[in-house]
Structure formats: structure tokens, C-alpha cells
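Notes follow the structure.
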Ligand SMILES: Cc1cc2nc3c(=O)[nH]c(=O)nc-3n(C[C@H](O)[C@H](O)[C@H](O)COP(=O)(O)OP(=O)(O)OC[C@H]3O[C@@H](n4cnc5c(N)ncnc54)[C@H](O)[C@@H]3O)c2cc1C
Ligand SMILES: Cc1cc2nc3c(=O)[nH]c(=O)nc-3n(C[C@H](O)[C@H](O)[C@H](O)COP(=O)(O)OP(=O)(O)OC[C@H]3O[C@@H](n4cnc5c(N)ncnc54)[C@H](O)[C@@H]3O)c2cc1C
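Residue numbers (the numbering used here), protein chains in the order written: chain A, 1 to 676; chain B, 1001 to 1676.
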């Protein structure tokens, strides 16, 4: 077991590469230094003793045991990630970002993370919503883990999407200068707050505080929902404070290491200063001062959604890496006699003299065109998400500066873009991760492949921070209400020819996506107007009636954006080899999403049956072009084995040995010793 | 807790129903008596003490503990399902079918079942492949659980799809009249055999025998793969026989109660009679007699695949029932002020005086058109799968008679149909179960919703008994090689008008699906021929090059079949109310799958932009027609709460109480007592 050499099929794939892998890695990281910095940080994190123990060690635990391991690991990591230990490597903040996002999260061999919410939501929320005094007071305690926060944010048993409908109340008592919090009904129980149950399992390592969003009442009037910091437990013995009950909501499809809990509040009193008052305020006498501008809270939301896009990009990169490497190593079936044999023979020259390729004589499944049509669009889409979120991240920093200068005009559009990209990236990742899993046949169904966990994390992201359908409708509402439709001037769209000779012309393709977005938006708009003017239906009801078409319009709008970002990136400064392969991926990305909505492209972008024939031929060509680069492309994602945590995706490609090793970790196999 | 009344929103939905629910239930069961029989059997099974304990009792267990519970439950069930106990109720065989298929499988609160393989695969395989003497010998012992079989059938660590590539060997030794079995390499380990590991966990309740598929060698020559019965353990003390090693392959995405294991064989000797010899034989002296007809083994495969279609249908019915009831009860957001309130008011008349509807004043999410467009196509597709598998089941019985009379001509086409329907039904179910889950927002992500388990079972079925892509290619190969293309005469297709006045005309729709199937097959065929004639590419290579288009052709062929079955069923004898609603569902089914491949319908069935406008309008109308019937339609599936095992799907609709109850079962909540 544990062969010390690399599978010859992977050696062969790696022996020829038309582009500079390191250049592509740098491009994705944001420069040579960024890559080096990331690698140093990764190495540092992975060297924390006892935190990273490889494949499948915990897959077999029960809900409680699993959670306890997660908490224990978090403690080890927290201990190691202190400024004093990290000199020359980076900041703890960078390490947390890396650990709790999509990049290294599953490295722990777990399914989510119990401290992700503390660092990813609790603290940012205080930063975004607190006054300077509040930030000073809470942030330091949070950062040093003197307090641990959970985020009972919004969701209640009865409400998630519809925030205005929340039932938790916070009534101001001016005599005591306190708020009295209550969850008066079953449906008002806070449900899902991440990081919440911490203390149920492990005394001594507890969520001490929660941010709770509640309906604020002052002077007998409801002022809408506001965020409060609520202490949960006695800081000495960690027992729950009076009026507070916390529990676990039970096992979930994934995310079982991130503790989602429930919270019941009964006449819980907190001081007035625990209302986060950057935007709205309650004065001592109960006077309510409303926020200067309702758009102000968009900032944090944009940030969180962009982070989700980044996570999705990383999850998809993992899935594609695993599936592509496995498909290069897995041999199954014959296309024609000798096909596989020939491939093997050519490997002999470049590798170990004694090769031992399972299924020699059969085809690498990566040579099946159906397999390529599963994996390569997934690969291209990982790049698509990457360039999209990169752009929005830059925009975010710019807009933030404007906002700090009091200029809020650009915020709403950025907010809408982040909503759309969150919905698109989570949807794309969820779809393609599952495609990648299925492309690995039976073995992809094993937890040791890591696919089920990756899928679960993506599927969750389609729900939290705005359920995707609700987000699409939000984008559509903006498109209908704003004058944005006009920026899509019909006359600005010249039907370009999709093909120049044999090649798919990127500018014409981009224009076709524009035509579809424009056409979809315009026809929804007209439909909406005629529903209102003819049927005497109100705007909301008309929106509902046309909502299916509206979602399509919103999707077309955001897809056009992503294609545009991809096309723009291909034009950036880089070597010819890298540009070529990125161009090919960009074509495939466009072609895939075009074929997904072919009807729309025929109707709105006048794609002809002649074009269609060309498109099918081009598909074949693009797949052939990518085929020899596929393994090298996923190598360029530079995901370490410890980050992939997958028996199928390891760099050495010795998948059968890894699968067998992982199986032996099952508690049902305690009597079996490895005999290889 | 445990309100004793039904949620008023569900009462309202049930108060008006345009069709006879019981008639529809009978129609699905296959008649009034069939319904009664099923209900009696269900009640009998559900009354087995200790086997059925409701929601979420086991979600929190570890891999080993979970499996142990599964085995213990199976023992209880086996004890109860004896002929002597079941007089007047049914046969044990019927009970097993009900329990181990998609209908009641998850009723156990588990994820798969450890005896499903014994009854669903091991015994049918002996029946299908054994000689009369072999059947007499093994079947009785199996039926009475004197022996328990597992099915190490085909899959090895290195091979699944490509059966010819299996590495396990069975060499005949004429002196001893024995076969010597070996899994000589790591990749030849039998991997995935269901029912296999049984004995690892629980001594005394063990898989005693396996069917192992191996390369047969007689007289120094390889004769290809054949099935052998291999004793695994000493019948006295249940210790493994010499040369046999059995283990667990580790935790899986689902199916964790169905024990999938691995099996290593080292010089295991079995008597000559343990080769299943209905088709091929080895005589005492080692003479090999090949099977009379290679098609003969299709029979069992058809049967197993049709059973999978039935399971998928049941799984999808469950998911749709859960999501539809939840969507009628869940209230979220406002469409316009008063919208929700109005709905509630009208309930007051027909229900308990004191109503307590969470979110009163908000919209039942079932009123969102986007929500309808998620759930109603899923609902329609459940019917689509039902009618499709029903037809093939009838065909199977007919063809079986032909085969028994020595007429094998109709078998290949039925085999191909069953391949296609297996791929389509698993694909459709997998897709829509996930749509249903997502339509329930955050709560659908909880194990207590039952969605994750249902999804896992469907996702698994897309892989086993023929990975779906491989099956589609098999269908396509048949279409290309047979003369079947000619039965789709171009001239037979008259472009009918999709609409008669305002309504979507079913015959014209069916014709459009025919045009698409025909067009896709024909264009693939031409493409294939020109690749061969021009490029000098061999048939196999040309198949691979055009495989993406070939899969589309195969899918179009099978979808046309399903639409045809649905349309035919609508024309059957039934009351007008039932026919109307089935007709509406049939239209929605067609419309949904038409829009999914709109490009093809524009190209091959000449759907015009005028048609398209009509189609979008018709979509809205069909959804509106189904809306008031939706809850009644899922009620007609007649799935008992014990069968749904879902906090969101219970008949009484008290979802929040059930969610809370389920959460309290988490071991992390052992200190919390219910306080409602
Ligand atoms: C893994 C995970 C972690 C989570 N972590 C947290 C956390 O830390 N803190 C926290 O507060 N919450 C958390 N949540 C909860 C999450 O934020 C909510 O589930 C999410 O906001 C969706 O709301 P919902 O569940 O109420 O869905 P619902 O709104 O009930 O959605 C159900 C269905 O109704 C539809 N629908 C709803 N409203 C509309 C509308 N207006 N128009 C059209 N369709 C509509 C939706 O499209 C969906 O199909 C988490 C959830 C998950 C799954
Ligand atoms: C839950 C579960 C239970 C199971 N139970 C059993 C059991 O009881 N007994 C048993 O023997 N087995 C069992 N199996 C194994 C199952 O039968 C195999 O996984 C299945 O046959 C697929 O084969 P594979 O895993 O080798 O996939 P592969 O063939 O390796 O497929 C991987 C990829 O290659 C592609 N591919 C392969 N060949 C071709 C081709 N010729 N053309 C184009 N593409 C191709 C596939 O489309 C897929 O994308 C089970 C599997 C699961 C998931």
C-alpha cells in the first residue's frame, strides 16, 4: 500500500502541457507574491498538530461525536493562530479567511466548522452595524475568543425569507434602560443560528453571545427589525443565563460540524447599548432615531455574498480537480481494441520501468466525449465564477470608498449584482459538483471521495443568505423598476456573426448573450405592463404572475455579466499559451450556457440552424482542445491533497490504494488489517 | 405539542376537490381491490412491534450503530413476515416487495435496508440463472433465511460498467470437480456487493453465501464471466471460511443501512454445482457448453430495471407529497396587503373556531408561481413515470410468455426500453426530488424533512444496475444499429397545430415529441455515417465522437415513449373529473419537457414564435388549474405518515410542532425537555 510513485496515466498527462502552469496559478491568486503568500500560509495551517488527519477519519461518527471532534479541532486551531506565532507567515485574519471559506474548510476532514460563524458573521456584523464605541468594546473580546458569538440573525422556525414577518420582540423599558427580549411563540424560536449550540456539547468552549434580530418596540410602537447583542451564558460557569434556552436542530444534509441550533428567549433583559446602533438608535428616553439611509446596510450583505461566490468557486475547483484526475486514472471499457494499450505504451518511456496500470488496454474514461462534456464545462464554469467574483470584489472596495465619502448611488446596483452572482454561483456550483460526482460512478458515492460533503456545502449556500429564487426575483424587480432596461438599447445590439471562419468569435458571442438578456428583460417588462393595464392587477400580483419569465430574465442578465467578465479577462496581459487555453475555456463556457438556453438564443439572438450545426461541431473541437490540458488545468488550481481530502483526487492518482485505505477506517472493519 | 387537529390551511385545500380522490388512488393501485389489499398489507407491516418508530430517531447515530439498528430491525420484521402469521393479509413475498422497494423502504426510519439485496437480488438471480435443481436446492433455504445471500455480482474496485474487464477468476479443477476462485489483485476486490458485510457487525445474523461473478476458465481457456454461489462462512459458528475476507467499504452519501462491503477471495474452492447453470454449463470433465442464446439473460435485467422505475416513482411521490403539503402550510411574504388574511378568513367557516395559523396575513408559498413551477412539473412527472413503468411491466409479463415459448424476438427491444426508462426515471426523480427539497427552504435541509435520504436513494439508483450515461449510450447504439429508425418514417409525421383554440392539443404535442425523436435520431445517424465514410474512423470511434448528440437522441426517443403512455392513459375509462385533472397534468408534463429542449422543438418540430407565446401563456393557465387540486392530488398518492417519515409532510400539516419534536431527539439536546 501507499505506492510511492505517481500513477503513470497522470505522469503522461503532465508530461505535455501547452501553457505555463505556474503563470496560471499566479493569475488566479492575483500575482506571484500572492501565490507564495498563500502557500506559506497553507503550510503553516496544515502543520498545526492534531488538526488535519486526512481522509475519512470522521465520516463514521454519530452526530454528537462528530460535533465534539469539530469543537476540539477548532480549539487546537485557535490556539495556533495567534499573531505571536505567525510572524513572517501572515495574519490570523488571513488564516481564518482561508480556513473558514471554501478554500480549506473541509481540510479538517469535517463538514462545516463551528467557528466559521463567529469569524464570518458575528464579528463582521458588529463591524458593519456597530458604532465605533461598540466595535471597540466587542471586537477585541471576540477576536481573542474571550467571547464566542453566534448569529441568530434572522431565521425563526416560522420565518426566513420574509424578515418583516419575524416574531421575536425587543421592547424598550426606559426606566431600566433595557430591552426585554422574547420569542413568544413556537414559530418565533430562532432556528438555524450557526455557532449557537456550542455549549450544549462542550462545556468550557461555548457561544457566550448571540446577535439576535428582533422587532424593536419603543414607546408602544413597532420600529421594525434591528440587531441586538444578547449575552447567553454566565461567564464564570458557562451556565445559560436566566430566560435562555438553547438546543440543537438535529442532523442536516451537510454542515454538521457547523453547529446550527435553536434559541428561545423569555423576558431576557439586555442594556440599551446592546442594540447595534450605527444606523438606527434608541435614546435613553426611548426616542427612536431612524437610519439616515436604508441602503446603508447593503454593504455587509454585498461583502458576505461575494465571499459566498468565492467559496463556491473553490468548492467547484475541488470537485473538478477530483473528477478530472480520477477520470485520467480510471480505465473502463474499450473504444476499439488496442486503444488503451497504445496509450500505456507511450507512457513507458517517461516513467518507472515497471508500470502497473489497472485496466491497461482499456480507455481512460476522460477519453469518452460524454465524460468530457460533463467535466470540461464544469472546469470552464469554475473559471467563470472566479473572474465574476474577482470583479465584484474590486467593485466592492471602490464602492465602499464612495460610501465612506457619503456617495451611495452606486451601492444598489452593486447590491443587485452581488445577489445575482450569489444565486448564479451557488446554483452553478451545486449543479456541477453533482455532475462531477456522478462522473465518478459508484466510487463518487463514497464519503471518502469527498463529493457528498462538497455537494452539501454548495446546496446549503443556495439557501442561506437569501434563498436563490427569492434573490432572482429581487434582481428581476430591480430590472423592472430601474431604468436599467434602457441601458440595453435595442439599437446598440448589432447581430454579429457567431463564427469567423471556423472559430467561435468571442465578441459576437458576448453580443448574443446581450441580445438574450435584453430580449428577456424587454419581453418581461411588456408582459408586466400589459398585465397591469389590462387585467387591473396590482404590480405585486403581476410580478407573481410573470415570475417564471422574470427569473429567466434575471438569469440572462447575470449570465451576460459573467460571460463579459470572462471575455475581458482573456484579453488581459499574459503569455500566448495561457491566453489560448483560457480562450478555449471561455468559448466552451459560452457555448455550454448558450446550448442550455438554446430556445432563447434562437428567438432573441437569431441563432440560425446553420449556426447550430457549427455549434455542435465547435463543441467537439473545444472538447478535443481541452482534453490534453485537463489534468494540467486542474493542477494549476494548486489544491493540495490535504485540501482535497479525497481518495479519488490525490495528486499521485493511486485511487484504488486510497479507497482501500479509507475503507479500512470504518469501525465495522476493526478486525481487518491491511494486507496489500 | 402534538396538536390534535389538522392545520386549517390544509383543511381549506381539502374542502374543495374537483375529482374523486379514491378513484384516482384506485387507478394508481390498479383497481379498488388492489388499493384495499395494499392498505391491509401496509397496516399489517406497520404493526410489527419495534420496527417503525417515526421521525429522526436514528439520524444521529454513527455508521456502526446505525447499521446495527438496521440489522436488529430486519430481524424483527423477518420474524413477523411468516406465512403462518399473515393469513388473510397477503403473502410474505408481497410484504417484502413493499418493504424493500421505494414504497415503504424508508418507513423503517433508515437509509436503505440490509435484507433488500437478499430478497431483491440474490434470490431473483438464482431464479433467473439456476437450473431447476439449483432453484429447488437454494431457494427454500434462502426464503426461510436458513442462508442469507449477498450479491457480489459484478462490481470490483477496478471495474463496474465494463463487465468483460472483471479480474476475479474461477478456474475449474476437473480432478476435484471444483472451481478455485481468486481475486488476485487490489483492483479485483469485489466492491459494493450489497448485503455483504452483515457478519462484520452482528455475529449470528450473517450473510452466509454470495453470488460472485467471475471469469470462468476451463481447460485453460477463458470463457467469460459467469455467476457462482460461494459459501462465505461456517454454518455452525459463523466464522468466515478459509480464504475469505469481508469488509465494509465505508460510509456513503446514502444507503448506509444497506450494507455494501468488499470481498477478497484467495484460493476458495466450491463444488462444480455452484456455477449457476441455466444458460451455460461446465461438465464434470471440464467441457464447456455455451448458452443457447445470449439474449436469455436479459429477462432478469428487465425485471430489475422495471422495479427501479417503480421505486423511483414512489420516491418522487413522497418528495412531492412532502413539498406540496409544506407549501400549503408555510406562509411567507406578502404578495399584496391582505392577500393572506383573506385566505385565512375563508377557512374560519369550515374549521375549528380557534385557528392559529402561523404567519396569518402572509401568502401560502404554494401561491407563488415560481413555487408552482417547481412542484407541479414534479407532480406531473411522478404520474409520467407511473404510467411508463406500468406499461413496461405489462410488456414484461407478455414477453416472458413469448420467451417461455421459445420466442426471443421481442426481448431486445423491451430490454432497451427498460434501459432507457431506468435512466430516465432515475434522472427525473433525482432532479425533481432535489427541486422539491430546495422548494422547502432551510427546513428541507434537515434530515427530519426526509428529503436528504430520499435524494440519496434516487442518486444511488442513477448509478447501480447500469450507470445512466452508459445506459443512454446503449439505447443509442440500438437505435443506430437496428432498423428502428425506419419505423420513424419522416412521412408519417404531419406537423399538427399545437393549439386548438387556446388549449394545448395532446395529439399534436405527442406528434411534436415524435418529430424531435425522429429528427435527433436521423441527424445522429447521418452524422455517424459521414464520420465513418469521410474520416476513415471506425464505428466505435465515431460513436464516441457523436456520443453527446447520441445521448440526446436516446433521451428524445424515451421521452416520446413516456409522453405517449401518459396521453394514452388519459384516454382510458374514468370519470370526467379525474380525466380533466389527469389531462391537465399530462399537458403540463409535455409542456415542461418541451421547454427543457426548446431548441430541438424549434428545429425539428417547427415550433414557431407564435406557438412559444401560447406556450408561456398556457404554462400560467395549467399552473392555475392545478393549484387548487395540488394537495388533493398528493393526498391521492395515499402515502401514510409512517411511510413519509417526514416532519414537513405529515397529513395534519402541523409542521412546526413536528420539526421541534424531531429536533429534541438529537443527542445534543438530552437536557432539554419539551415545553410547548
Ligand atoms: C446550512 C444552513 C445554515 C444556516 N445558517 C443560518 C444562520 O447562521 N443564521 C440564520 O439566521 N439563518 C441561517 N440559515 C437559515 C437560512 O437563512 C434560511 O433558511 C433562508 O433564509 C431561507 O429562508 P426559509 O428557510 O424561510 O425559506 P422560505 O422563505 O420558507 O422558502 C421556501 C420556498 O418559498 C419560496 N418563497 C419564499 N418567499 C418567496 C417570495 N416572496 N416569492 C417567491 N417565492 C418565495 C422560496 O423560493 C422557497 O422555494 C441557515 C440555513 C441553512 C440551510
Ligand atoms: C449505492 C450503491 C449500491 C451498489 N450496490 C451494488 C451491488 O449490490 N452489487 C454490485 O455488484 N455493485 C453494486 N454497486 C456498484 C454499481 O453497480 C457500479 O458503481 C455501477 O455499475 C457503475 O460502474 P462504475 O462505478 O464502475 O462506474 P464507471 O464505469 O467507472 O463510470 C465512471 C464514468 O465513466 C463513464 N463511462 C464508463 N464507461 C463508459 C463508456 N463505455 N462510454 C462512456 N462513458 C463511460 C460513466 O458514464 C461515468 O461517468 C452499487 C453502487 C452504488 C452507488
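Note that beta-carbon positions come from the ideal geometry of N, C-alpha and C, so glycine has one too.
All figures in this text were calculated on a predicted structure; none of them were measured in a lab.
query = Applying a beta-carbon distance threshold of less than 9 angstroms, which residues of chain A neighbour residue 1551 of chain B?
reply = 370 and 373
request  = Determine whether the Cβ of residue 1085 of chain B lies closer than 8 angstroms to any Cβ atom of chain A.
outcome  = Taking Cβ atoms only, chain A never reaches closer than 8 angstroms to residue 1085 of chain B, which makes this a no.
task = Would you check if there are 3 or more beta carbon pairs closer than 8 angstroms linking the stretch 1385 to 1399 of chain B to the stretch 1312 to 1320 of chain B?
result = Enough Cβ pairs lie closer than 8 angstroms, so yes.
ask   = Do residue 545 of chain A and residue 1225 of chain B come within 8 angstroms of each other at the CB atom, strictly closer than that value?
value = no
key: Contiguous alpha helix (DSSP H) assignments of at least 4 residues, all confined to the stretch 1040 to 1091 of chain B   = 1063 to 1080
key: Spatial distance of residue 976 of chain B from residue 1640 of chain B (CA atoms)   = Absent from the structure is residue 976 of chain B, since the part of chain B shown begins at 1001 and ends at 1676.
ask   = Looking at chain A, which residues of the stretch 1435 to 1460 of chain B have a Cβ within less than 7 angstroms of any of its Cβ atoms?
value = 1438, 1441, 1442, 1445, 1446, 1447, 1448, 1452 and 1460
key: Bridge partners - residue 497 of chain A, DSSP secondary structure assignment   = Partner(s): none; residue 497 of chain A has no beta bridge.
key: Near-chain A residues of the stretch 1059 to 1072 of chain B - C-beta to any C-beta below 9 angstroms   = 1059, 1060, 1061, 1062, 1063, 1064, 1065, 1066 and 1067
query = On the three-pair Cβ rule with 8 angstroms, is the stretch 57 to 77 of chain A touching the stretch 120 to 127 of chain A?
reply = no
inquiry  = 8 angstroms is my cut-off, CB to CB: does residue 466 of chain A come that close to chain B?
reply    = no
request  = Grab the span of the alpha helix (DSSP H) containing residue 579 of chain A for me, first residue to last.
outcome  = That run of the alpha helix (DSSP H) goes 576 to 596.
query = Can you name the residues that DSSP bridges to residue 150 of chain A?
reply = A:210
query = So, is residue 377 of chain A buried or exposed, given that buried needs 16 or more other C-beta atoms within 10 angstroms?
reply = buried
inquiry  = Taking 7 angstroms as the cut-off, is the C-beta of residue 193 of chain A nearer than that to any heavy atom in ligand 1?
reply    = yes
key: Closest by C-alpha distance to residue 1297 of chain B, when choosing among B:1285, B:1190, B:1411 and B:1650   = Out of B:1285, B:1190, B:1411 and B:1650, B:1411 has the C-alpha closest to the C-alpha of residue 1297 of chain B.
task = Ignore the nearest five residues each way along the sequence and tell me which others in residue 1086 of chain B's own chain have a CB closer than 8 angstroms to its CB.
result = Around residue 1086 of chain B: 1044, 1092 and 1095.
message = Can you tell me whether residue 1515 of chain B is buried or exposed? The criterion is at least 16 other CB atoms within 10 Å of its CB, across all chains shown.
response = buried
ask   = Quick one: Cα of residue 1041 of chain B to Cα of residue 1638 of chain B, how far?
value = 14 angstroms
task = Assign residue 1230 of chain B to one of three DSSP states: helix, strand, or coil.
result = strand
query = What do you reckon, are the CB atoms on residue 1138 of chain B and residue 1126 of chain B nearer than 8 angstroms?
reply = yes
query = Which word fits residue 1182 of chain B, buried or exposed, when buried means at least 16 other C-beta atoms lie within 10 angstroms of its C-beta?
reply = buried
query = Does the beta carbon of residue 667 of chain A sit closer than 8 angstroms to a beta carbon anywhere in chain B?
reply = yes
ask   = Using a threshold of 7 angstroms, is the CB atom of residue 1443 of chain B nearer than that to any non-hydrogen atom of ligand 1?
value = yes
message = So for residue 18 of chain A, helix, strand or coil by DSSP?
response = coil
request  = Check whether the Cβ of residue 122 of chain A lies closer than 8 angstroms to any Cβ atom in chain B.
outcome  = No, no contact with chain B.
message = For chain B, check one thing: does any of its Cβ atoms lie closer than 8 angstroms to the Cβ of residue 248 of chain A?
response = yes
task = Could you list the residues in the stretch 1593 to 1604 of chain B with a C-beta less than 7 angstroms from some C-beta on chain A, going in chain order?
result = 1598, 1599, 1602 and 1603
Separation of residue 251 of chain A from residue 1229 of chain B, as counted between CA atoms = 40 angstroms
ask   = Taking the C-alpha atoms as reference points, what is the distance between residue 532 of chain A and residue 525 of chain A?
value = 11 angstroms
query = What residue ranges within the stretch 442 to 486 of chain A form continuous alpha helix (DSSP H) runs of no fewer than 4 residues, ordered along the chain?
reply = 451 to 461 and 468 to 481
query = What does DSSP give as the partner residues of residue 240 of chain A in its beta bridges?
reply = A:233
task = Report all residues from its chain with a CB closer than 7 angstroms to the CB of residue 163 of chain A; omit the five preceding and five following residues, and keep chain order.
result = 154 and 225
message = Can you list, in chain order, the residues of its chain with a C-beta nearer than 6 angstroms to that of residue 1562 of chain B? Leave out the 5 residues immediately preceding and following it.
response = Closer than 6 angstroms at Cβ, skipping near neighbours: 1384 and 1388.
task = Identify the contact partners of residue 234 of chain A in chain B, using a Cβ-Cβ distance below 8 angstroms as the criterion.
result = Under the 8 angstroms cutoff, chain B gives no residues; its nearest Cβ is about 16 angstroms from residue 234 of chain A.
message = Can you confirm whether residue 159 of chain A, when its beta carbon is compared against all beta carbons of chain B, has any partner nearer than 8 angstroms?
response = Taking Cβ atoms only, chain B reaches closer than 8 angstroms to residue 159 of chain A, which makes this a yes.
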